[in-house]
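The sequence shown begins at 33 in my numbering and counts up one residue at a time.
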Amino acid sequence: MEARVKAGIWVSMALRLADIAGRSGAVLRKGDPDSGGILCVLRGREGLVVLSQVRDAEGRPAWMRGSGATPVDEETADAYIARQVKRDPDLWVVEFDAPDLKPPFEGKLL
33 MEARVKAGIW VSMALRLADI AGRSGAVLRK GDPDSGGILC VLRGREGLVV LSQVRDAEGR
93 PAWMRGSGAT PVDEETADAY IARQVKRDPD LWVVEFDAPD LKPPFEGKLL
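Here it is as structure tokens:
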């Protein structure tokens, strides 16, 4: 079984990687520092994409486009985030400037 990285540490790492890549990032909502889930908002030229942290079929960390296959407007992204936070109050929400709608960190996208 793969060791899990604490959510607070992962968020710090992702923000640092964004900074190194010359992209801004910000924590919009702090969740549980140890075991909270993570939503990543990618703000691009065509709109926003919300990535939701999930596990693949083998139990490895992965990301899913929670907001859908195409970029959405801010109102749609905010509504999706609000629904997820209502379901999981320990959730982190992190936003990144991503003109190309690609995250500043490596991860498997489902």
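Every residue, glycine too, gets a C-beta built ideally from N, C-alpha and C.
Would V126 be called buried (16 or more neighbouring beta carbons within 10 Å of its own) or exposed? Here the question's residue 126 lines up with position 94 in the sequence shown. V126 is buried by the Cβ-count criterion.
Taking just the CA atoms, how far does Q116 sit from G98? Here residue 98 refers to the residue found at position 66 of the sequence shown. Here residue 116 refers to the residue found at position 84 of the sequence shown. For G98 and Q116, the distance between alpha carbons rounds to 10 Å.
Are the stretch 84-97 and the stretch 44-56 in contact at 8 Å, needing three or more beta carbon pairs? no
Which residue marks the beginning of the beta strand (DSSP E) containing A94, and which one marks its end? Taking the first residue of the sequence shown as position 1, residue 94 is located at position 62. A94 -> beta strand (DSSP E) spans 93-97.
Rounded separation between G69 and G91 - CA only: The residue labelled residue 69 in the question sits at position 37 within the sequence shown. The residue labelled residue 91 in the question sits at position 59 within the sequence shown. Each residue's alpha carbon lies about 15 Å from the other.
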